[in-house]
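See structure below.
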Amino acid sequence: MSLGYNAYSILKTGKDEWNKILPLSFTAFGDYKLPAYIYASVPFIGAFGLNPISIKIPSIISGLIIVMAIYLLVKQISQKQTLAIIAALIAAINPWPVHLSRQALESNLALAFFSLAIYLTQKALKSPSKKLIISAGILFGLTFYSYIAYRFITTVLILCLIFYHFWEKNYKTLNLIKKIGLVILITIIPLLPQLFRFSNHARFSQVSMFTDSGVVSEVIEDNNFCYLNNQSFLPKICRLLFNKPSVWTFRFIKNYSQFILPSFLFLEGDQSHYLNVPGFGAFFAFLLPFYIFGFY
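Quick note: the sequence shown, position 9, residue 9 per full-length UniProt numbering, numbers continuous.
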């Protein structure tokens with residue numbers, strides 16, 4: 001709802017619902033939405049009016065782009081059209097992408113940008129050109145405007161590629177990745193003054209385990225339990241075993257493992273019902289053997 005009203009307000013007045021002119025961060029209900037999805041919705045609201053379908057069109061188009069990008073990427077890597085068609089078909093019919101493409105979700109738009117950027121980067125590695133480098137860099141940069149998690153994902157990906165090719169002494173590829181990184185930096189210049197403001201990290205603060213006040217309570221509870229049930233232990237040993245870093249490490253492993261477990265991917269799906277098709281996992285169960293085979 002907030003995405004639509006902000007896009008409608010931009011269309012009619014050039015301001016958001018808080019009277020800010022063409023902002024790069026939308027206050028909304030205090031969750032400080034990123035701008036890409038809202039601005040992407042403006043032409044469709046202008047053409048078809050303010051209604052649920054108009055607001056969802058960018059996400060629908062994003063779903064189609066993701067399927068196309070998967071087809072192109074698999075074909076580029078494997079040089080096999082049949083395999084590319086199968087990969088695209090799987091992406092097109094699985095519950096997760098179908099469900100998400102029918103909602104107005106910023107993450108879907110970010111994934112579309114990211115998928116195309118990955119394809120163009122892969123293509124540029126085989127056939128370097130200024131056009132491919134600039135296009136890939138701009139698309140990677142647009143993920144910074146789309147969904148907060150991709151600021152981390154894109155940054156880590158580029159840094160890992162730079163480190164890997166430097167380590168392997170692939171200097172030609174390294175220079176290409178550096179050029180893409182430079183285009184990304186140029187693309188996000190308008191964001192730089194805001195990157196360290198609270199508004200640009202509000203969503204991270206709301207969902208991050210590092211800002212969860214419950215961690216302190218958990219540490220205190222674990223320390224008390226440790227000392228009361230093992231009084232032979234020194235308090236320092238209990239504190240060594242149960243502290244913020246240990247809780248964060250455990251939570252990270254637990255949260256990460258949940259998203260790669262077959263039960264999540266193929267049987268139950270997300271616990272948030274608006275992100276899940278009831279009775280299905282993220283992918284159809286018949287794909288489970290291929291998932292297991294992938295580990296080998």
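Ideal Cβ placement from N, Cα and C applies to all residues, glycine included. In this text, all values refer to a predicted model and were calculated from it rather than measured experimentally.
Asked                                                                                                     : Found
Backbone CA spacing between L267 and W96 [nearest angstrom]                                               : 12 Å
Straight-line Cα distance separating S272 from L67                                                        : As written in the sequence, residue 67 is Val, which differs from the Leu given in the question. About 24 Å.
Beta-carbon proximity list for T27, same chain, < 6 Å, skipping 5 on both sides                           : W18
Cutoff 8 Å; reference I60; Cβ partners in own chain excluding five residues on either side                : S101, R102
W167 - containing alpha helix (DSSP H), residue span                                                      : 148-167
Counted within 10 angstroms of its Cβ, other Cβ atoms place residue 334 as buried (16 or more) or exposed : Residue 334 lies beyond the residue range present for the chain, which begins at 1 and ends at 296; the question has no answer from this structure.
Reduced DSSP category for I21 - H, G, I as helix; E, B as strand; rest coil                               : strand
Pick from N243, F225, S135 that is closest to V219, judged by C-alpha positions                           : N243
F26 in three-state terms, based on DSSP                                                                   : strand
K123 - DSSP class collapsed to helix/strand/coil                                                          : helix
Beta-carbon gap between G14 and S41 smaller than 8 Å                                                      : no
Segment contact flag, the stretch 102-114 with the stretch 51-58, C-beta cutoff 8 Å, min 3 pairs          : yes
Touch test, the stretch 79-87 against the stretch 107-116, Cβ-Cβ under 8 Å, three pairs minimum           : no
Buried or exposed (CB count within 10 angstroms, at least 16 for buried), D31                             : exposed
7 Å Cβ shell around A136 - same chain, five flanking residues per side excluded                           : A117, L120, T121, A124, I180
The alpha helix (DSSP H) enclosing K179, as first and last residue numbers                                : 171-187
CB-CB length for S62 against L139, believed under 8 Å                                                     : The pair is not a contact, with the Cβ atoms about 12 Å apart (cut-off 8 Å).
Segments of 4+ residues assigned as alpha helix (DSSP H) that fall wholly inside the stretch 239-283      : 244-258
Cβ-Cβ distance between G141 and I93 below 8 Å                                                             : no
Presumed contact (8 Å Cβ cut-off) between P35 and Y145, rounded CB distance                               : 6 Å
K80 - DSSP class collapsed to helix/strand/coil                                                           : coil
Distance CB(H165)-CB(L157) smaller than 8 Å                                                               : no
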